[in-house]
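Below: the structure, in structure tokens.
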Amino acid sequence: MADKLQFDLVSPEARVFSGAVDMVVVPGTEGDFGVLPDHAPFMATIRTGAIEVHSDGSVSRIFIHGGFAEVTPQGLTILAEETAELATLDAADIRAKLEAARLRAKDAGDDGEREQAEAEIAKLEAMQAAMELKH
Amino acid sequence: MASLKDLRNRISSVKSTQKITKAMQMVAAAKLRRAQDSAQAARPYAQKMAQVMANLANGIVAGPETPRLLTGTGKSDTVLLLVLSADRGLCGGFNTNIARLARERVAALIGEGKNVKIITVGKKGFDALKRLHRERIVSAMELKDAASPAALAARVGEEVRKLFDAGGFDVCELISSEFVSVISQKPKARTLIPAREAIDPDAPAPDLNGAIYEYEPDEEGILTALLPRYVDTVVLSALLENAAGEMGARMAAMDNATRNAGELIDKLNLQFNRTRQAKITTELTEIISGAEAV
Chain A
0 MADKLQFDLV SPEARVFSGA VDMVVVPGTE GDFGVLPDHA PFMATIRTGA
50 IEVHSDGSVS RIFIHGGFAE VTPQGLTILA EETAELATLD AADIRAKLEA
100 ARLRAKDAGD DGEREQAEAE IAKLEAMQAA MELKH
Chain B
0 MASLKDLRNR ISSVKSTQKI TKAMQMVAAA KLRRAQDSAQ AARPYAQKMA
50 QVMANLANGI VAGPETPRLL TGTGKSDTVL LLVLSADRGL CGGFNTNIAR
100 LARERVAALI GEGKNVKIIT VGKKGFDALK RLHRERIVSA MELKDAASPA
150 ALAARVGEEV RKLFDAGGFD VCELISSEFV SVISQKPKAR TLIPAREAID
200 PDAPAPDLNG AIYEYEPDEE GILTALLPRY VDTVVLSALL ENAAGEMGAR
250 MAAMDNATRN AGELIDKLNL QFNRTRQAKI TTELTEIISG AEAV
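Line order of the protein sequences matches chains A and B. According to numbering that gives the first Met the number 0, the first sequence is numbered sequentially starting from 0. According to numbering that gives the first Met the number 0, the second sequence is numbered sequentially starting from 0.
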């Protein structure tokens, strides 16, 4: 493909990814959508899950949590609260964290604590699902 | 007149103080770099967020459906001051300046007949404000309560939103330190809620080549999802800027302290030598006059 899509993935901590790619598939709250070069201006909130970055025939998957995507003629920008390269994640580690979060949810003293733990569980489950999809 | 032993003790005590201030200065310098780096790293996110918010806010027509975080309650009777400071002292006028601005704002707002509530983030801000305004402080957090600045910002944001949703206040002002340069930090106050007043209307809109945005879900849905995050982002960048400012202020303060200690040591050394010589002279005189008397 001659045309490339400028893609930026930005989290509060750092600019995670910036470069020209062929296509990005984003999990929107109302369904996944793929962004190709010269996409119409578009703004959407994001579901917790993995984005797929297609570049020169290879696909890399990045886990994102919370945020939104904005498509302008200049390219695609995703603002995410949390990001993680799926390839670097450890399944056992996530399972352990999930276990701990479930325990916290059960023993939570007040609603705030429980809500926090439940949000964590939802995030970790999405992370797990995204990983399993890959294998 | 201090004895030689006293002077010697004094000199060694000042010397060890100087060592401590020197170490603190170097630690602050190292931490400053890290704080500046993380403030820098957070900037693209905050900028993009502000841009998108401005874009959305300018495009939307305020109606009953519009989130109140954006438009406010239509009143400004109760003002919440969110005061960000440091947990630790020994950083020059950093905390004092923030607390002073906060006190001035409280006085000004009360003068206008408004209710004032305060949330402090950072131990020193709470310490400085509790004496005069204990009953106005609705919540006090410390920086070390959270694992990371991002986690702290999320907690602060949640606390503020909870209070807002419960009708606890109409306007929220954020008081924190602006990082002008390594040696200069300026406390400043800005509006956080309603977000419409906080958003820079001149933020550059992206060039769409005449096309218009499509939204998914609709604009209001996005705003509802985005506004809380926007509040968190503003708090986070203020926290990071504060952290950098604190380290800069501490570095400057400790540099001064080290230099002062050096001057003091010089002075004490001079005094020590004078005293020693005076003592020798006295002894000599005594010996000579004793010898003459024989």
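Note that beta-carbon positions come from the ideal geometry of N, C-alpha and C, so glycine has one too.
In the DSSP assignment, find the beta strand (DSSP E) that holds Glu-371/B and state where it starts and stops. Nothing in the structure corresponds to residue 371/B, since chain B is present only between 0 and 293.
Taking C-beta to C-beta, are Glu-172/B and Arg-154/B nearer than 9 Å?
Here residue 172/B refers to the residue found at position 173 of the second sequence. Here residue 154/B refers to the residue found at position 155 of the second sequence. Contact flag unset, no.
| Against chain B: residues of the region 55-85 of chain A by CB proximity under 8 Å | Taken in chain order, the members of the region 55-85 of chain A whose beta-carbon sits within less than 8 Å of a beta-carbon on chain B are Gly-65, Gly-66, Phe-67, Glu-69, Thr-71, Pro-72, Gln-73, Thr-76, Leu-78 and Glu-80.
Exercise for review: Show which residues of chain A have a CB atom less than 8 Å away from the CB atom of Met-48/B.
Suggested key: Position 49 of the second sequence, counting from 1, holds the residue named residue 48/B. Neighbours of Met-48/B in chain A, taken as residues at a C-beta separation under 8 Å, are given in chain order as Leu-78.
task: Examine chain B for any beta-carbon lying closer than 9 Å to the beta-carbon of Pro-26/A, and answer yes or no.
output: Mapped onto the first sequence, residue 26/A falls at position 27. Using a CB distance cut-off of 9 Å, Pro-26/A does not count as an interface residue toward chain B.
task = Confirm, please, whether the CB-CB distance from Leu-162/B to Val-120/B is below 9 Å.
result = Translated into the one-based positions of the second sequence, residue 120/B becomes position 121. Translated into the one-based positions of the second sequence, residue 162/B becomes position 163. No, these two residues do not count as a Cβ contact at 9 Å.
- prompt: In terms of residue numbering, what span does the beta strand (DSSP E) encompassing His-132/B cover?
  reply: On the second sequence, position 133 is the one that residue 132/B refers to. Going by DSSP, His-132/B is part of no beta strand (DSSP E) but of the alpha helix (DSSP H) stretching over 122-132.
- Which whole-angstrom value describes the C-beta separation of Val-25/A and Ile-61/A, a residue pair presumed to lie in contact below a C-beta threshold of 8 Å? On the first sequence, residue 25/A is found 26 positions in, with the first residue counted as 1. On the first sequence, residue 61/A is found 62 positions in, with the first residue counted as 1. 11 Å between Cβ atoms; not a contact.
How about Leu-75/A and Val-34/A: do their beta carbons lie closer than 9 Å?
Within the first sequence, the letter at position 76 stands for residue 75/A. Within the first sequence, the letter at position 35 stands for residue 34/A. Less than 9 Å separates the beta-carbon of Leu-75/A from that of Val-34/A.
Would you mind reading off the limits of the beta strand (DSSP E) that contains Val-34/A?
Residue numbering aside, residue 34/A sits at position 35 when the first sequence is read from its first letter. It spans 30-34 - the beta strand (DSSP E) in which Val-34/A sits, taken as one unbroken run.
Problem set entry | Alpha-carbon spacing of Ile-63/A relative to Asn-241/B, whole angstroms | Against the first sequence, residue 63/A aligns to sequence position 64. Against the second sequence, residue 241/B aligns to sequence position 242. Taking C-alpha positions only, Ile-63/A is separated from Asn-241/B by approximately 28 Å.
How long is the line joining the alpha carbons of Gly-112/B and Ser-75/B, rounded to whole angstroms?
Taking the second sequence and counting its residues from 1, one reaches residue 112/B at position 113. Taking the second sequence and counting its residues from 1, one reaches residue 75/B at position 76. Cα to Cα, the separation comes out at about 10 Å.
- Inter-residue spacing [alpha-carbon to alpha-carbon] between Pro-216/B and Asp-89/A: Working through the second sequence from its first residue, we reach residue 216/B at position 217. Working through the first sequence from its first residue, we reach residue 89/A at position 90. Spanning the two alpha carbons is a distance of roughly 33 Å.
Legend entry - the region 227-241 of chain B in contact with the region 31-47 of chain B per 3-pair CB rule at 8 Å: By the C-beta criterion, the region 227-241 of chain B is judged to be in contact with the region 31-47 of chain B, since at least 3 inter-stretch pairs fall below 8 Å.
### Query
For the candidate residues Ala-27/B, Ala-139/B and Thr-16/B, whose alpha-carbon lies nearest to that of Arg-249/B?
Taking the second sequence and counting its residues from 1, one reaches residue 249/B at position 250. Considering only alpha carbons, the answer is Ala-27/B.
- [ ] Between the Cα of Ser-54/A and those of Glu-29/A, Phe-67/A, Gly-18/A and Gln-127/A, spot the shortest distance and give me the residue it belongs to.
- [x] On the first sequence, residue 54/A is found 55 positions in, with the first residue counted as 1. Nearest option by C-alpha distance: Gly-18/A.
Original post:
Start and end of the alpha helix (DSSP H) containing Thr-95/B?
Top reply: Here residue 95/B corresponds to residue number 96 of the second sequence, with the count starting at 1. DSSP places Thr-95/B inside the alpha helix (DSSP H), whose first and last residues are 93-110.
Could you check which residue in Gly-247/B, Val-51/B and Pro-66/B has the C-alpha nearest to that of Gly-220/B?
Within the second sequence, the letter at position 221 stands for residue 220/B. Gly-220/B has its Cα closest to that of Pro-66/B, out of Gly-247/B, Val-51/B and Pro-66/B.
(Q) When you compare the CB of Val-51/B with every CB in chain A, is at least one pair closer than 9 Å? (A) For the purposes of this step, residue 51/B is identified with residue 52 of the second sequence, where counting begins at 1. At least one CB of chain A lies nearer than 9 Å to the CB of Val-51/B.
Pick helix, strand or coil for Asp-86/B, following the three-state DSSP scheme.
As a position in the second sequence, residue 86/B is number 87, starting the count at 1. In the structure shown, Asp-86/B falls within a coil segment according to DSSP collapsed to helix, strand and coil.
field: Amino acids of chain B, ordered along the chain, whose beta-carbon sits closer than 7 Å to that of Arg-14/A
entry: Counted from its first residue, the first sequence places residue 14/A at position 15. Contacts between Arg-14/A and chain B, judged by CB atoms closer than 7 Å, involve Pro-43 in chain order.
- [ ] Using DSSP bridges, identify the partner residues of Met-42/A.
- [x] As a first step, residue 42/A is located in the first sequence; it is residue number 43 there, counting from the start. DSSP, once it has assigned bridges, lists Glu-69/A and Tyr-214/B as partnering Met-42/A.
Which chain B residues are close to Glu-29/A, counting only those with a beta carbon under 8 Å from its beta carbon? Residue mapping note: residue 29/A aligns to position 30 of the first sequence, counting from 1. Those within 8 Å of Glu-29/A in chain B are Glu-215 and Pro-216.
Item to check | CA nearest to the CA of Lys-105/A, picked from Glu-117/A, Lys-96/A, Asp-7/A and Ala-95/A | outcome: Numbered from 1 along the first sequence, position 106 holds the residue referred to as residue 105/A. The closest CA to that of Lys-105/A, considering only Glu-117/A, Lys-96/A, Asp-7/A and Ala-95/A, is found on Glu-117/A.
**OP:** Using the Cα positions of Phe-294/B and Pro-227/B, report the straight-line distance between them to the nearest angstrom.
**Re:** No answer is possible for residue 294/B: it lies beyond the span of chain B, which begins at 0 and ends at 293.
- By a C-beta neighbour count over all protein chains shown, 10 Å radius and 16 as the cutoff for buried, is Thr-284/B buried or exposed? Working through the second sequence from its first residue, we reach residue 284/B at position 285. Thr-284/B comes out exposed.
### Simplified DSSP assignment, three categories, for Glu-131/A
Counted from its first residue, the first sequence places residue 131/A at position 132. Glu-131/A: helix per DSSP, three-state reduction.
Thinking Glu-141/B and Asp-86/B are a contact (beta carbons under 8 Å), I'd like their distance in whole angstroms, please. Position 142 of the second sequence, counting from 1, holds the residue named residue 141/B. Position 87 of the second sequence, counting from 1, holds the residue named residue 86/B. Right, their Cβ atoms sit about 6 Å apart.
Practice prompt. Per DSSP, which residues does Met-22/A bridge with? Please list them.
Written response: Here residue 22/A corresponds to residue number 23 of the first sequence, with the count starting at 1. Looking at the DSSP assignment, Met-22/A forms a beta bridge with His-53/A.
Task: 8 Å CB neighbourhood of Ala-98/B in its chain, flanking five on each side removed - done: Mapped onto the second sequence, residue 98/B falls at position 99. The beta carbon of Ala-98/B sits closer than 8 Å to those of Val-82, Ser-84, Lys-123, Gly-124, Ala-127 and Leu-128, all from its chain and outside the five residues before and after it, given in chain order.
* Rounded C-beta distance between Val-9/A and Val-15/A? I'm assuming under 8 Å. -> Mapped onto the first sequence, residue 9/A falls at position 10. Mapped onto the first sequence, residue 15/A falls at position 16. The C-beta separation of Val-9/A from Val-15/A comes to about 7 Å, placing the pair in contact by the 8 Å criterion.
* Asked: Candidates Met-52/B, Leu-31/B and Gln-24/B: which alpha carbon is nearest Ile-311/B's?
  -> The structure shown does not extend to residue 311/B, since chain B is modelled only from 0 to 293, so the question has no answer here.
By the three-class DSSP mapping on this structure, what secondary structure does His-88/A have?
Your numbering for residue 88/A matches position 89 in the first sequence. Strictly speaking, residue 88/A in this sequence is Leu, with His absent from that position. Leu-88/A: coil per DSSP, three-state reduction.
So, using beta-carbon positions, are Met-23/B and Tyr-229/B closer together than 9 Å? If you number the second sequence from 1, residue 23/B lands on position 24. If you number the second sequence from 1, residue 229/B lands on position 230. Going by C-beta atoms, Met-23/B is not nearer than 9 Å to Tyr-229/B.
Review point. How would you label Asp-254/B, buried or exposed, when you count the other beta carbons within 10 angstroms and need 16 or more for buried?
Key: Here the question's residue 254/B lines up with position 255 in the second sequence. Sixteen is the threshold: when 16 or more other Cβ atoms of the shown chains lie within 10 Å of the Cβ of Asp-254/B, as they do, the residue is buried.
Quick check on the burial criterion: 16 or more other C-beta atoms within 10 angstroms. Buried or exposed for Gln-276/B? Counting from one through the second sequence, the residue named residue 276/B turns up at place 277. Gln-276/B should be labelled exposed.
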